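In my numbering, the protein residues as written are 63 to 387. Cβ coordinates follow ideal geometry from the N, Cα and C atoms, glycine included. Small disclaimer: the values here were computed from a predicted structure and weren't measured.
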Amino acid sequence: MGGVILGTGSALPRRVVTNKELEKIVDTSDEWIRARTGIKQRHISSEGEYTYVLASRAAEKALEMAGMAAAEIDLLVVATISSHMLMPSSACFVQREIGANKAFAYDINAACSGFLYGLDMADHYIRADSSKKILVIGAETLSGRLNWDDRNTCILFGDGAGAAVVGASDNTARGMVGSNHFSDGSLWNLLYMHTAESCNSEIKVEDWCGAHIVMEGKEVFKHAVKAMEDAVRGLLAKTGTDLADVTMVVPHQANVRILNNLMERLELSKEKVFINAPLYGNTSAASIPIALDEANRNGRIKEGDLVLFCAFGGGFTWGASLIKW
Ligand code: UT7
Numbered sequence: 063m064g065g066v067i068l069g070t071g072s073a074l075p076r077r078v079v080t081n082k083e084l085e086k087i088v089d090t091s092d093e094w095i096r097a098r099t100g101i102k103q104r105h106i107s108s109e110g111e112y113t114y115v116l117a118s119r120a121a122e123k124a125l126e127m128a129g130m131a132a133a134e135i136d137l138l139v140v141a142t143i144s145s146h147m148l149m150p151s152s153a154c155f156v157q158r159e160i161g162a163n164k165a166f167a168y169d170i171n172a173a174c175s176g177f178l179y180g181l182d183m184a185d186h187y188i189r190a191d192s193s194k195k196i197l198v199i200g201a202e203t204l205s206g207r208l209n210w211d212d213r214n215t216c217i218l219f220g221d222g223a224g225a226a227v228v229g230a231s232d233n234t235a236r237g238m239v240g241s242n243h244f245s246d247g248s249l250w251n252l253l254y255m256h257t258a259e260s261c262n263s264e265i266k267v268e269d270w271c272g273a274h275i276v277m278e279g280k281e282v283f284k285h286a287v288k289a290m291e292d293a294v295r296g297l298l299a300k301t302g303t304d305l306a307d308v309t310m311v312v313p314h315q316a317n318v319r320i321l322n323n324l325m326e327r328l329e330l331s332k333e334k335v336f337i338n339a340p341l342y343g344n345t346s347a348a349s350i351p352i353a354l355d356e357a358n359r360n361g362r363i364k365e366g367d368l369v370l371f372c373a374f375g376g377g378f379t380w381g382a383s384l385i386k387w
């Protein structure tokens, strides 16, 4: 019996920053950002709204929906590339915040694909022991990991967190149908976080301005669309699924232009694809669980629906997963 999502939750920082506000701090325009990315605004963390704080709020909502206490959780995983500290992990901070005292806890570093990697891992745990209850969270405060003078990157990202409680169900028809995940470390330098000049002799010291994302946007765009298309097609073939039978697609919300390209290539109708990137920007590992929670709470997903996920991020990491809700 595979993993079933028993509850979802999400949390966003209070402060909303519009494209117009970005015009004041970097050489950009609302028109350019909307035309190239479809993004209108993003949530940005204020003092105290750390990654683990948003993650904990999302986790509590997911637990509430699942009707489960934090103390019942066996494993707590946080996918993030913007942890409050490098050590301890965000997962350990979340454990402390919500009181998941029985759980063992650790982070996954797989950028925007982190939540899907986490779901896949949770599914395998549950297949090995159906009594296990697992919290998979994607959470980011990338606003603290950007070079705010770099208009190529700073306009794209936002902060937030989403969570899912994964467990087994008596209904064996429900749960993870399959997943198809990949990585390619040879392309690391197209999208990476410049963390410390001393860590890597290939990164120039003069670029240092605190940890920040560096990206070759055009190259990332091309790879992202092709990789997600291939991962989805591969997953459909592997699981013997017809795309026409998929009820809802919840993709990583990189930006609307990437998603439009993907929809074109897969010949997907707009109605089937959940898109909220205009409101939140790219929240990396948090984007899929935030979108999933919105779709779930808005009644867009019903029991028995086939829900398809796909993601692409730094590493490169990418993949697709299919769940019978
Ligand atoms: O999860 C994966 C994470 N990464 C992504 O999702 C990003 C993937 N990449 C993209 O979505 C696109 O490459 C971007 C949205 C980042 C950029 O769009 P683009 O069509 O590839 O633009 P570009 O980088 O080729 O830049 C075109 C022009 C350049 O000016 P010149 O050289 O033509 O004069 C840029 O300097 O636009 C300029 N530009 C901007 N102008 C106003 C770049 N950023 C901005 C900006 N505002 N924020």
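Practice task
Assign Glu183 to one of two classes, buried (16 or more other C-beta atoms within 10 Å of its C-beta) or exposed (fewer than that).
Solution key: According to the sequence as given, residue 183 is Met; it is not Glu. Counting Cβ neighbours within 10 Å, Met183 comes out buried, since at least 16 surround it.
Problem - Separation of Gly206 from Asp191, as counted between CA atoms - result: Straight-line Cα distance between these residues: approximately 38 Å.
Exercise for the section: Given a cut-off of 8 Å, decide if Ser346 and Ile143 are closer than it, judged by their beta-carbon atoms. Expected result: Against a cut-off of 8 Å, the Cβ pair of Ser346 and Ile143 comes out as a contact.
Handout entry: Euclidean distance between Cα positions of Ser107 and Gly343
Key = In a straight line, the C-alpha of Ser107 is about 13 Å away from that of Gly343.
Practice task
Report yes or no: do the stretch 68 to 88 and the stretch 314 to 323 share at least 3 C-beta pairs separated by less than 8 Å?
Solution key: A contact between stretches requires three or more CB pairs, one per stretch, nearer than 8 Å, and the stretch 68 to 88 fails this requirement with the stretch 314 to 323.
Practice task
Quick one: using the 10 Å Cβ neighbour count with 16 as the cut-off for buried, is Ser248 buried or exposed?
Solution key: Counting the other Cβ atoms within 10 Å of the Cβ of Ser248 gives fewer than 16, which makes it exposed.
Exercise for the section: Compare the C-beta of Met127 against all C-beta atoms of chain D and say whether one is closer than 8 Å. Expected result: As a matter of chain content, chain D is missing from the structure shown, which is built from one protein chain.
Problem - Proximity below 8 Å, CB of Met149 to CB of Gly71 - result: The answer is no: Cβ separation not under 8 Å.
Practice task
Report yes if the C-beta distance between His141 and Tyr179 is below 8 Å; otherwise report no.
Solution key: Note on identity: in this sequence residue 141 is Ala, with His being the wrong assignment. Yes, the pair counts as a contact, with Cβ atoms nearer than the cut-off.
Problem - Distance CB(Leu328)-CB(Glu291) smaller than 8 Å - result: Judged by their CB atoms, Leu328 and Glu291 are nearer to each other than the 8 Å cut-off.
Problem - Cβ-heavy atom distance, Ser91 to ligand 1, below 7 Å - result: The answer is yes for Ser91.
Exercise for the section: Would you be able to state if there are at least three C-beta pairs under 8 Å between the stretch 232 to 240 and the stretch 208 to 216? Expected result: Under the Cβ criterion (8 Å, minimum of three pairs), the stretch 208 to 216 does not count as touching the stretch 232 to 240.
Practice task
Tell me whether Met149 sits in a helix, a strand or coil according to DSSP, three-state version.
Solution key: It is coil, neither helix nor strand.
Problem - C-alpha distance - Ser193 paired with Ala230, whole-angstrom precision - result: Approximately 7 Å between the Cα atoms of the pair.
Exercise for the section: Could you give the DSSP three-state label for Pro340: helix, strand or coil? Expected result: Residue state, collapsed to three classes: helix.
Practice task
Just the C-alpha distance for His256 and Ala201, rounded to the nearest angstrom, thanks.
Solution key: Rounded to the nearest angstrom, the gap between the Cα atoms of His256 and Ala201 is 19 Å.
Practice task
List the DSSP bridge partners of His105.
Solution key: BP columns for His105 point to Val78.
Practice task
Compare the beta carbon distance of Phe374 and Cys174 with 8 Å and say whether it is the shorter of the two.
Solution key: It is a contact, given that the beta carbons lie within the stated cut-off.
Exercise for the section: May I ask whether a heavy atom of ligand 1 can be found less than 7 Å away from the beta carbon of Lys280? Expected result: Yes - ligand 1 has a heavy atom lying nearer than 7 Å to the Cβ of Lys280.
Practice task
Can you check DSSP and say which residues form a bridge with Pro313?
Solution key: Looking at the DSSP assignment, Pro313 forms a beta bridge with Cys372.
Problem - Spatial neighbours of Phe155 in its chain, beta-carbon cut-off 7 Å, leaving aside the 5 residues before and after - result: Excluding residues within five positions, the ones whose Cβ falls inside 7 Å are Tyr114, His146.
Handout entry: Length of the line joining the Cα atoms of Phe177 and Ile199
Key = Looking at the backbone, the Cα of Phe177 and that of Ile199 are separated by about 7 Å.
Practice task
Keeping to the same chain, check which residues put their C-beta closer than 8 Å to that of Leu388; ignore five residues upstream and five downstream.
Solution key: The requested residue 388 is not part of the displayed model; the chain covers only 63 to 387.
Practice task
Using 7 Å as the cut-off, classify the Cβ of Ile199 as near or not near the heavy atoms of ligand 1, replying yes or no.
Solution key: Checking the 7 Å criterion, the Cβ of Ile199 is out of range of every heavy atom belonging to ligand 1.
Practice task
Would you mind working out which of Phe378, Gln157, Asp221, His285 sits nearest Glu417, comparing C-alpha positions?
Solution key: No answer is possible for residue 417: it lies beyond the span of the chain, which begins at 63 and ends at 387.
Problem - Ala353 and Val294 closer than 8 Å at C-beta - result: In this structure, Val294 does not lie closer than 8 Å to Ala353 by Cβ.
Exercise for the section: Run the CB neighbour count on Asp185, radius 10 Å, all protein chains shown included, and call it buried at 16 or more, exposed below. Expected result: With 16 or more Cβ atoms within 10 Å of its Cβ, Asp185 is classed as buried.
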